[in-house]
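To keep things clear, I will list the structure first and then write my remarks on it.
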Amino acid sequence: MYELFKNLGAWLVAGEQWSGPDGIAHRLTEHLQYSLLATLIAAAIGLPIGLLIGHTGKGAFLAINLASFGRALPTVGLVVLVFLAGGLSMLPVYVALVALAVPAIVTNTYAGMTAVDPDVKDAARGQGMRGHQVLLQVELPLALPLIMTGLRLALIQVVATATIAAYVSFGGLGRYVFDGLAQRDLVQVLGGAVLVAVVAVALDLALSGLQRFLFLPHPHRLGTSS
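Residue numbers (my numbering): 11 to 236.
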């Protein structure tokens with residue numbers, strides 16, 4: 011076991027391991043590109059749905075259950091299914107990753123919208139605001155912390171799962187896992203898994219810190235003085 015982790019450390023810090031088209035830097039860039047694009051597509055789908063059902067209160071049961079169904083779909087199975095239907099391309103990967111990300115975005119956006127105090131919304135309407143103004147100027151700003159949580163969870167899930175791109179012969183950090191399995195190279199498999207875990211944890215910590223900075227009160231913002 012000691013020898014395995016020693017070899018893993020040597021593999022991770024080797025200069026040649028970080029350069030070239032098969033290097034860690036390039037594979038990391040691919041992995042982040044897949045993850046960010048899939049999360050953006052999921053946000054373009056999930057945010058309007060969550061905002062609409064949260065604002066109107068209509069269709070919530072159906073939307074939340076569909077989101078739960080999407081969360082239960084086996085990701086690799088979905089990749090294989092779309093791959094068989096559409097051929098060798100990144101489409102199956104993006105379909106699976108988007109399907110994985112949408113539920114967290116929909117449910118957290120809906121939760122954020124429903125958490126807004128009804129009295130606040132009534133007061134806004136009492137001041138003459140129309141429906142879309144209440145949505146954009148009152149509900150959305152107050153729901154942003156939970157919406158951001160949904161986006162963060164979705165991105166972390168996608169980053170952790172984007173290794174499936176290598177399953178259909180594309181890149182990303184999953185390349186090390188699948189190539190290592192094919193070559194019976196345990197160090198490479200473990201190296202790929204460690205890199206994915208480190209990236210996911212680092213993004214989670216960074217985004218959590220950003221959320222705290224944006225949404226928690228700071229003394230200097232409140233104008234307090236010692």
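Where a beta carbon is used, it is the ideal one built from N, C-alpha and C, also for glycine.
What three-state label does DSSP hand residue i in the structure shown?
i, result
"Pro113", "helix"
"Arg222", "helix"
"Lys16", "helix"
"Gly25", "helix"
"Gly30", "coil"
"Gly67", "coil"
Between the options, which has its C-alpha nearest residue i's C-alpha?
i, options, result
"Leu215", "Leu47, Gly25, Leu163, Leu150", "Leu163"
"Leu76", "Leu191, Leu205, Ala109, Ala212", "Ala109"
"Met157", "Val144, Gln193, Phe225, Leu107", "Before going further, note that residue 157 is Ile rather than Met in the sequence given. Nearest option by C-alpha distance: Phe225."
"Val126", "Val105, Thr66, Glu149", "Glu149"
"Val116", "Asn17, Phe79, Gly25, Pro31", "Phe79"
Our contact map puts residue i next to residue j with C-beta atoms below 8 Å; I'd like the distance itself, whole angstroms only.
i, j, result
"Ala48", "Ala111", "6 Å"
"Gly182", "His41", "4 Å"
"Ala170", "Ala210", "5 Å"
"His65", "Leu145", "5 Å"
"Val103", "Val178", "6 Å"
"Tyr12", "Ala172", "No, Tyr12 and Ala172 are not in contact; Cβ-Cβ is about 31 Å, not under 8 Å."
For this session: Entirely within the stretch 165-213 and at least 4 residues each: give me those alpha helix (DSSP H) ranges in chain order.
Result: 184-193
For this session: Kindly confirm or deny that the stretch 179-189 and the stretch 35-51 touch, where touching means at least three C-beta pairs closer than 8 Å.
Result: yes
Exercise. Which runs of the alpha helix (DSSP H) spanning at least 4 residues fall entirely within the stretch 99-167, listed in chain order?
Worked result: 101-124, 128-136, 141-144
For this session: Assess, as a yes-or-no matter, whether the stretch 51-70 is touched by the stretch 193-204 under the definition of 3 or more beta carbon pairs within less than 8 Å.
Result: no
Exercise. So does the stretch 115-132 actually touch the stretch 150-158, counting three or more Cβ pairs closer than 8 Å?
Worked result: yes
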